[in-house]
Amino acid sequence: MGKDTNNMKLSRISYIYTLCRRRASEGHLSVFRQLLEIAVLQITKGIGYDIYHYAGMWDKNASWAYKNSFLSYRNYGKKIYELNERKFHGMSQYKPYEKAFFNLWFIPTAAYIGTLDKRSGCTNTGGGLKSGEDLCRCLEAFVGKEICFKLVEGSNGKGFRAYRLLRRMGELCAEHLSTMAVCTVRELYDNLMQESVDGWLLEEYIVQHPVLKSFNPSSLNTIRMFLYKKSNGEVVALKSFLKTGKPGALIDKTENGGASVFIDQDTGVLLNGFNWSPEMRPLKQHPATGVVFEGVQIPFWREAVEMAVRTLKACVGTRFIGVDIAISENGPLMVEMNVHSDPDCMPVLRLQTARIFAD
């Protein structure tokens, strides 16, 4: 165990050195200066090499004030609990509550079908949705259509499934949209219960706008947008980026074949893409499909921003959220929100959290 730990430390040191050497070779701060600054920031602020490189602190034009304007991961977590009251944190993690919140405040979202639960499941019309028989009855109306299953507790696409409902030999069946594997709905029920007895939220599948679909047709490619409520009550959309998945994937995970893309917050026009790592290597096009990012206008951008702002305004005891937004042919749809967003996103988007959260 000790030998493995030492090897991991040496590997990390080598990786950090490689990162610094790359930036120095591009004409930025020297390797020694970068390592010195990383050490000082780690000791004084808890800011490590990853935040340093995500935020571009190696840039020879970056001021020391800029480098001190970010929060460490630990302090970011503490600040979130100051900005967002703890008692409301669970709402964005429990999908039925989140869906009810969207519908109650007329925030556009995928149509709700029901919550599958052995103890208390019900459809959107109040019918039972507890057993395999209940699921078959519920889905009879969706033959030829596509629907989604989400774990009732989770985020970032964990446990997401999508199926096309069809009939085979008189039996109601479900065809997985990625693997194309077919099973009966009764078999699907058993599989779902084996994976999680806590329950599943069912909703209609979102047909995304052709512009976003073009980057990777199999995944729902969404906008991650961050919003902040100032001390005077004004809600501002800070920054956003586009998440595009890899071929065959249903969700927009950007690792191993997908890509993230910077967005001009004022216009909704795409800038360059990038790989999600401290290297921040630029990507001019989707690595799998070859579709170019820069210059593409996201449809319904103004409406998407307005919807996101309205969402935070409706959140009680909450001042900072991240939201995932899909764009359909008819406008933006809210996919999910998160009151404790991934801290990596802050330095990647150059969101100077120490300064922003001071208001």
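Just so we're aligned: 214 in the numbering used here is position 207 of the sequence shown, and the numbers increase by one with no gaps anywhere. Heads up, the beta-carbon is just placed ideally off N, CA and C, and yes, glycines get one too.
Here valine 330 is buried: its Cβ has 16 or more other Cβ atoms, across all protein chains shown, within 10 Å. In the DSSP annotation of this structure, alanine 181 is not part of any alpha helix (DSSP H); the continuous beta strand (DSSP E) holding it starts and ends at 178-183. Shown here, glutamate 194 sits in a helix according to DSSP, grouped into three states.
Runs of beta strand (DSSP E) with 3 or more residues, each lying fully within the stretch 287-349, are found at 327-335, 338-345, listed in chain order.
In the DSSP assignment, asparagine 68 falls outside any beta strand (DSSP E) and carries neither an H nor an E. For proline 350 and threonine 122, the gap between their C-alpha atoms comes out near 31 Å. For glutamine 201, the number of other beta carbons within 10 angstroms of its own is below 16, and it is reported as exposed. If you look at glycine 121, you'll find it in the beta strand (DSSP E) that goes 119-123. When the five nearest sequence neighbours on each side are left out, no beta carbon in the same chain lies closer than 6 Å to the beta carbon of glutamate 44. Residue state for glutamate 211 is assigned as strand, using DSSP reduced to three classes. Judged by DSSP secondary structure, phenylalanine 233 falls within the beta strand (DSSP E) whose first and last residues are 229-236. Beyond the five residues adjoining it in sequence on each side, tryptophan 65 comes within less than 6 Å, by CB distance, of Arg30, His35, Leu36, Gln41 in the same chain, given in chain order.
Of the candidates Tyr61, Phe77, Lys67, Phe77 places its Cα closest to the Cα of threonine 51.
In this structure, the beta-carbon distance from leucine 142 to tyrosine 196 falls below 8 Å. Residue pairing by DSSP places glycine 280 opposite Val268, Leu290 in a beta bridge.
Distances from the CA of asparagine 228 to each of Met98, Ser127, Pro339, His347 were compared; the closest alpha carbon is that of Pro339. When the beta-carbon positions are compared, leucine 234 and leucine 319 come within less than 8 Å of each other.
Phenylalanine 149 sits in a helix when the DSSP states are folded into three classes. In summary, threonine 186 is exposed, with fewer than 16 beta-carbon neighbours lying within 10 Å of its beta-carbon over all protein chains present. Rounded to whole angstroms, the gap between the alpha carbons of leucine 90 and phenylalanine 327 is 7 Å. Residues Lys137 of the same chain have their beta carbon placed closer than 6 Å to that of lysine 125, with the five preceding and five following residues left out of the count.
When C-beta atoms of the stretch 127-136 are compared with those of the stretch 105-115, fewer than three pairs fall below 8 Å, so the two segments do not count as touching. Under the Cβ criterion (8 Å, minimum of three pairs), the stretch 67-77 does not count as touching the stretch 173-180.
With respect to the C-alpha of valine 242, the residue from Met314, Thr251, Phe307 having the closest C-alpha is Met314.
Shown here for tryptophan 207: same chain residues with a beta carbon closer than 6 Å to its own, the five before and five after excluded, namely Leu123, Phe156, Leu199 in chain order.
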